[in-house]
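To keep things clear, I will list the structure first and then write my remarks on it.
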Amino acid sequence: MNARSPIKPETLQSVSAQLAGQPIDGEKAAAHAEIFEGIMQMIETLRELPIKDVEPAVIFRPVERGGEDGS
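For the sequence shown, the positions run 0 to 70 when numbering that gives the first Met the number 0 is used.
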């Protein structure tokens with residue numbers, strides 16, 4: 000996988016204005032960039048875990064219940 004560039008406030012300002020039509024100021028962009036960068040670093044850490052062939056510990060299987068009250 001290619002190395003990712005850090006998220007910059009200027010990038011968020013550009014995306015916000017051009018794609019969402021909602022310009023944001025530099026201070027707000029800097030705060031969001033810091034948050035998003037932390038999230039992206041956590042995602043990278045999760046992707047590095049050797050769990051590709053591990054099944055989930057819990058499997059949800061819904062059960063139909065009879066009666067009007069749902070019990």
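Beta carbons: idealized from backbone N, C-alpha and C, even for Gly.
Work out the CA separation of residue j and residue i for me, nearest whole Å.
i     : j     : result
Asn46 : Gln40 : Inspection of the sequence shows that residue 46 is occupied by Arg rather than by Asn. Roughly 10 Å between the two C-alpha positions.
Ala30 : Arg64 : 48 Å
Leu48 : Ala32 : 25 Å
Ala56 : Gly20 : 42 Å
Ala28 : Glu43 : 22 Å
Val53 : Arg60 : 19 Å
Pro5  : Leu18 : 20 Å
Thr10 : Ala2  : 17 Å
With a CB to CB cut of under 8 Å and the five nearest residues on each side skipped, what residues in its chain are close to residue i?
i     : result
Pro22 : Gln12, Ser15, Ala16
Gly25 : Pro8, Gln12
Examine the ligand ATP and report whether any of its heavy atoms sits within less than 7 Å of the Cβ of residue i.
i     : result
Met39 : Because no ligand of any kind appears in the structure shown, any question about the ligand ATP cannot be addressed here.
Every unbroken beta strand (DSSP E) inside the stretch 15-70 [3 residues or more]: Taken in chain order, the whole beta strand (DSSP E) runs of length 3 or more contained in the stretch 15-70 number zero.
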